[in-house]
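**Q** Right, I'll just put the structure down here and ask away after.
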Amino acid sequence: MTADSFDHQKLSNRILLAMFLGLAFGLLLNWTIADQAWVQSFIIDGVLAVTGEIFVRFLSMLVVPLVFVSLIAGVSALSDPKRLGRVGGKAIGLYMATTGIAITLALVAAVLIEPGVGANPVDVVEREISAQPSFAQVLVDMVPRNPVAAMASGDMLPIIVFAILMGLSIALAGEPGQRIGQMFSDFNEVIMRLVGFVMLLAPYGVFALIASLGATTGWETFVGVLKYVILVLVMLVVHATVSYSLILKMLTGLSPRIFFSKMRGVLAFAFSTASSGATIPVTLKTVENRLGADNKVASFTVPLGATINMDGTAIMQGIAAGFIAQYFGVDLSLTQYLMIVLMVIMASVGAAGVPGVGLILLAGVLASVGLPAEGIALILGVDRLLDMTRTAVNVTGDAMVTVVVADSEGELDRDVFNDIGRPRR
Ligand code: ASP
Numbered sequence: 368m369t370a371d372s373f374d375h376q377k378l379s380n381r382i383l384l385a386m387f388l389g390l391a392f393g394l395l396l397n398w399t400i401a402d403q404a405w406v407q408s409f410i411i412d413g414v415l416a417v418t419g420e421i422f423v424r425f426l427s428m429l430v431v432p433l434v435f436v437s438l439i440a441g442v443s444a445l446s447d448p449k450r451l452g453r454v455g456g457k458a459i460g461l462y463m464a465t466t467g468i469a470i471t472l473a474l475v476a477a478v479l480i481e482p483g484v485g486a487n488p489v490d491v492v493e494r495e496i497s498a499q500p501s502f503a504q505v506l507v508d509m510v511p512r513n514p515v516a517a518m519a520s521g522d523m524l525p526i527i528v529f530a531i532l533m534g535l536s537i538a539l540a541g542e543p544g545q546r547i548g549q550m551f552s553d554f555n556e557v558i559m560r561l562v563g564f565v566m567l568l569a570p571y572g573v574f575a576l577i578a579s580l581g582a583t584t585g586w587e588t589f590v591g592v593l594k595y596v597i598l599v600l601v602m603l604v605v606h607a608t609v610s611y612s613l614i615l616k617m618l619t620g621l622s623p624r625i626f627f628s629k630m631r632g633v634l635a636f637a638f639s640t641a642s643s644g645a646t647i648p649v650t651l652k653t654v655e656n657r658l659g660a661d662n663k664v665a666s667f668t669v670p671l672g673a674t675i676n677m678d679g680t681a682i683m684q685g686i687a688a689g690f691i692a693q694y695f696g697v698d699l700s701l702t703q704y705l706m707i708v709l710m711v712i713m714a715s716v717g718a719a720g721v722p723g724v725g726l727i728l729l730a731g732v733l734a735s736v737g738l739p740a741e742g743i744a745l746i747l748g749v750d751r752l753l754d755m756t757r758t759a760v761n762v763t764g765d766a767m768v769t770v771v772v773a774d775s776e777g778e779l780d781r782d783v784f785n786d787i788g789r790p791r792r
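Taking our numbering, I'd label the letters of the sequence shown as residues 368 to 792.
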């Protein structure tokens, strides 16, 4: 085992420990002195908020340069540009298929368990829900009018399109292309090092993020919609452990146990930041260095997945739609269920992987089948916890599909994947 992977393992353990300590500290505050003014202003809104925010900013800071540079390095290294089409086709096909499975599981669970029947909701809060862009608009917006503007606003799909075109041009531009390609590949190494630095801050950032959640969320919020919360959590776990393990095993023969054990660090990042976009640097580093996927595939499939693949979000949306329909006593027809499936898949393509976006998109899903958007207010109070958990599932899906596609292209180093290293003490 390499020094790098051992350090990584130590770091993941420290991050997990930070999560538990953060939760314990947050809950302790919540149950004891959280309502005192100085605790609120110095600890919760002070040290914890600032540390958490700085950490998330460091991660976000890396996303655009990393995706841009790493994607250009990956695409320009593809000797055969046709392969890019194949990798893209496989990745998009698998992303859609897993989201389809996720939403179907969610709807079946919502129909069978009926979480909304007899629900005693928490206070209904008004909230502005912004409209979601149409699918046609999503397609048009994929082509950047100005790549610099797309980077400045962090719009992932146009950045991906531009970087792929740049990479292809570099690959086809002969000797000058080779020189520039080499520069991007060196640049990529440098940025990966930077990712490593930022990850050293992770235990502190994760501690702060989880502690402030624990300190500010009241148990009462959860009680009214407990059945909904539990059902979403259970289905998220089922999808991640059963569906992903089966797909991974069937398509690659690789061990799901090893896969999940190496994903622990990434899951902790996704969970505490609730953003698959901000987690991209960590996901990319892990699928390349620990799971053995080559940069040529991963640099493309990971950022793409963070943008278009949201299985966890689909599960929440399916169960929420069922919950809200049941709460308002609406009987959905089969056509309406199919409509929900379609809308959820399309919504996950158009959405950026940032905190809370799934709930906003839910408004569009509800509107498509005539359910009242006010229903969202019922589940607003508990969304943060679910957001964190579904984001962890979203990134697991991205990594799993990356491993499958890389393996099918002969770009997965199985020795790296199977290297579980020194047993942990
Ligand atoms: N926070 C999720 C993500 O970044 C999206 C969502 O709100 O469901 O993947």
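Ideal Cβ placement from N, Cα and C applies to all residues, glycine included.
Give a yes or no on whether the C-beta atoms belonging to aspartate 795 and glycine 689 are separated by under 9 Å.
**A** The structure shown has nothing for residue 795, since the chain only spans 368 to 792.
**Q** Flag this pair as yes or no: are the beta carbons of methionine 463 and isoleucine 614 separated by less than 9 Å?
**A** Contact: no.
**Q** Of all the alpha helix (DSSP H) runs that stay within the bounds of the segment 714-778, which reach a length of 4 or more residues?
**A** Listed in chain order, the complete alpha helix (DSSP H) runs (minimum 4 residues) inside the segment 714-778 are 724-735, 743-747, 750-775.
**Q** For alanine 660, write down the residues that DSSP places opposite it in a beta bridge.
**A** DSSP, once it has assigned bridges, lists Leu779 as partnering alanine 660.
**Q** I believe alanine 641 touches methionine 518 by the beta-carbon criterion, under 8 Å. Please report the beta-carbon distance rounded to the nearest angstrom.
**A** Not confirmed; about 23 Å, so no contact.
**Q** What does a CB cutoff of less than 6 Å around isoleucine 537 pick up in its chain, not counting 5 residues either side in sequence?
**A** So the list reads Ser443, Gly544, Ile547, Gly548, once near-sequence residues are dropped.
**Q** Going by the C-beta, is arginine 308 closer than 8 Å to any heavy atom of ligand 1?
**A** Residue 308 cannot be examined here, being either before or after the span of the chain that is shown, 368 to 792.
**Q** If you pair each beta-carbon of the segment 526-533 with each one of the segment 427-442, do three or more pairs fall below 8 Å?
**A** Enough Cβ pairs lie closer than 8 Å, so yes.
**Q** In whole angstroms, give me the CA-to-CA distance for lysine 326 and glycine 632.
**A** What the structure shows of the chain is the stretch from 368 to 792, and residue 326 is not part of that stretch, so it cannot be assessed.
**Q** Starting from phenylalanine 626, trace the alpha helix (DSSP H) in both directions and tell me its first and last residue.
**A** Segment 623-640, the alpha helix (DSSP H) holding phenylalanine 626.
**Q** So, at 7 Å on beta carbons, what are the nonlocal neighbours of valine 425 in its own chain, with the 5 sequence-adjacent residues on each side left out?
**A** Reading off the sequence shown, one finds phenylalanine at residue 425, where the question assumed valine. Excluding sequence neighbours, phenylalanine 425 sits near Val565, Leu568.
**Q** Within a Cβ cutoff of 8 Å, which residues of the same chain sit near alanine 584, ignoring the five residues on either side of it in sequence?
**A** Checking the displayed sequence, the identity of residue 584 turns out to be threonine instead of alanine. Excluding residues within five positions, the ones whose Cβ falls inside 8 Å are Asn397, Arg751, Leu752.
**Q** Is threonine 418 closer than 9 Å to phenylalanine 554 when the C-beta atoms are compared?
**A** No, they are not a contact pair.
**Q** Shortest alpha-carbon distance to valine 736 belongs to which of Phe529, Gly685, Glu776, Phe784?
**A** Considering only alpha carbons, the answer is Gly685.
**Q** Could you tell me whether any non-hydrogen atom of ligand 1 is closer than 8 Å to the CB of methionine 677?
**A** Checking the Cβ of methionine 677 against ligand 1 gives yes.
**Q** CA-CA distance, glycine 748 and alanine 469?
**A** Approximately 23 Å, taken between the alpha carbons.
**Q** Have a look at valine 601 and phenylalanine 551 and give me their C-alpha separation to the nearest angstrom.
**A** Approximately 43 Å, taken between the alpha carbons.
**Q** Using 8 Å as the cut-off, classify the Cβ of glycine 725 as near or not near the heavy atoms of ligand 1, replying yes or no.
**A** Within the cutoff, so yes.
**Q** Tell me whether glycine 441 sits in a helix, a strand or coil according to DSSP, three-state version.
**A** Helix, per DSSP.
**Q** Around the C-beta of methionine 617, are 16 or more other C-beta atoms found within 10 angstroms, so that it is buried, or is it exposed?
**A** Result: exposed.
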